[in-house]
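Undergrad:
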Amino acid sequence: EPEVTQTPSHQVTQMGQEVILRCVPISNHLYFYWYRQILGQKVEFLVSFYNNEISEKSEIFDDQFSVERPDGSNFTLKIRSTKLEDSAMYFCASSVTGETYNEQFFGPGTRLTVL
Amino acid sequence: GQNIDQPTEMTATEGAIVQINCTYQTSGFNGLFWYQQHAGEAPTFLSYNVLDGLEEKGRFSSFLSRSKGYSYLLLKELQMKDSASYLCAVRGNPSGGYQKVTFGTGTKLQVIP
């Protein structure tokens, strides 16, 4: 069964460093998403991406963040100059259609720890 | 902005039916999601409602009333594996520009024998 994959599973970085979180969405999906969940807190939507551009984003997704689909398979989230409060689990998701949200499939997540 | 309210915890018995409520306030409403999240795992999509009414999918059903800003998730024939957090999330456009999705804090359901 196709699934969303994410690498790495755990990333440790120093405050102020840049990190790139990688996701491989399901191959025939068209919409891609990033969410984050700080330990013990609620899931937060970051951004959705379609046709090589951002279609929705939250106020969390400021200039520190960027997303990219560098090739036909990967979808990345870049966090510039990481802060301690960026420590969280980051989930990538993908779905087939875009007019309305269809079933979103989540990856297993990348745990980011900023020291 | 967007505001979502759901109970923090619920307990129900294996084989029973449980209803998890969610109330929300938003402008530019454009859909409500329910997700299941087991501890330490990624969320799993359960349902998406954009029109009023009940949508059934196996043991799970989701109801939406847009005029009341209210939804519920109904779980039937509860199984022990249904013990998880159930997340309500609303998609809307509260201040123009980009739409946003806001999650509730989740309802932690414990199924007991």
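As given, the protein sequences belong to chains A and B, one line each in that order.
Count the first sequence with the numbering used here and you get residues -12 to 102, in order.
Count the second sequence with the numbering used here and you get residues 9 to 121, in order.
Think of the CB as a built atom: it goes at the ideal place given N, C-alpha and C, for glycine as much as any other residue.
(1) Taking 8 Å as the limit between beta carbons, can you name the residues of its chain near A:Asn39, skipping five residues before and five after?
(2) Rounded to a whole number of angstroms, what is the C-alpha to C-alpha distance between A:Thr100 and B:Met88?
(3) Nearest to A:Ile66 by CA position, among A:Gly3, A:Tyr37, A:Ile13 and A:Pro95, is which residue?
(4) Please work out which residues of its chain come closer than 6 Å, Cβ to Cβ, to A:Met76, disregarding the five sequence neighbours upstream and downstream, and give them in chain order.
(5) Can you tell me whether B:Asn57 is buried or exposed, with buried defined as 16 or more other CB within 10 angstroms of its CB?
(6) Could you check the C-alpha separation between A:Val6 and B:Ser79 for me, to the nearest Å?
(7) For B:Lys65, count neighbouring Cβ atoms within 10 angstroms of its own Cβ and tell me buried if that reaches 16, exposed if not.
(8) Within its chain, find whatever has a CB closer than 7 Å to the CB of B:Gly23; leave out the 5 residues flanking it on each side and keep chain order.
(9) For A:Val30, would you say it is in contact with chain B, using Cβ-to-Cβ distances shorter than 7 Å as the test?
(10) Does DSSP put A:Leu8 in a helix, a strand or coil?
(11) DSSP three-state call for B:Lys89: helix, strand or coil?
(12) Is any beta-carbon of chain A found at less than 7 Å from that of B:Pro121?
(13) Any idea if B:Ile12 is buried or exposed, counting beta-carbon neighbours within 10 angstroms, 16 or more meaning buried?
(14) Along chain A, in chain order, which residues have C-beta atoms closer than 7 Å to that of B:Ser109?
(15) Which whole runs of the alpha helix (DSSP H) in the stretch -4 to 69 of chain A are 4 residues long or more, in chain order?
(16) So the candidates are A:Phe93, A:Ala80 and A:Asp49; which of them puts its Cα closest to the Cα of A:Ser68?
TA: Considering the structure as presented:
(1) As a position in the first sequence, residue 39 of chain A is number 52, starting the count at 1. The beta carbon of A:Asn39 sits closer than 8 Å to those of Arg56, all from its chain and outside the five residues before and after it, given in chain order.
(2) As a first step, residue 100 of chain A is located in the first sequence; it is residue number 113 there, counting from the start. As a first step, residue 88 of chain B is located in the second sequence; it is residue number 80 there, counting from the start. Roughly 32 Å separates the two Cα atoms.
(3) Position 79 of the first sequence holds residue 66 of chain A. Out of A:Gly3, A:Tyr37, A:Ile13 and A:Pro95, A:Gly3 has the C-alpha closest to the C-alpha of A:Ile66.
(4) Indexing the first sequence from 1 puts residue 76 of chain A at position 89. Gln24, Gly96 and Arg98.
(5) Reading the second sequence from its first residue, position 49 is the one you call residue 57 of chain B. Buried is the call here.
(6) The sequence position of residue 6 of chain A within the first sequence is 19, counting from 1. The sequence position of residue 79 of chain B within the second sequence is 71, counting from 1. Approximately 38 Å between the Cα atoms of the pair.
(7) One-based indexing of the second sequence puts residue 65 of chain B at position 57. Looking at its Cβ environment, which holds fewer than 16 other Cβ atoms inside 10 Å, B:Lys65 is exposed.
(8) Numbered from 1 along the second sequence, position 15 holds the residue referred to as residue 23 of chain B. Cβ within range, chain order: Glu85 and Leu86.
(9) Here residue 30 of chain A corresponds to residue number 43 of the first sequence, with the count starting at 1. Taking Cβ atoms only, chain B reaches closer than 7 Å to A:Val30, which makes this a yes.
(10) Within the first sequence, numbered from 1, the residue matching residue 8 of chain A stands at position 21. Note: A:Leu8 maps to strand in three-state DSSP.
(11) For the purposes of this step, residue 89 of chain B is taken as the residue at position 81 of the second sequence. Correct three-state label for B:Lys89: helix.
(12) Here residue 121 of chain B is taken as the residue at index 113 of the second sequence, counted from 1. No, because no Cβ of chain A sits closer than 7 Å to the Cβ of B:Pro121.
(13) Numbered from 1 along the second sequence, position 4 holds the residue referred to as residue 12 of chain B. Burial call: buried.
(14) Counted from its first residue, the second sequence places residue 109 of chain B at position 101. According to the sequence shown, residue 109 of chain B is Val rather than Ser. The contacting residues are Phe32.
(15) none
(16) Counting from 1 along the first sequence, the entry for residue 68 of chain A is found at position 81. Checked all of A:Phe93, A:Ala80 and A:Asp49; the closest Cα to A:Ser68 is A:Asp49.
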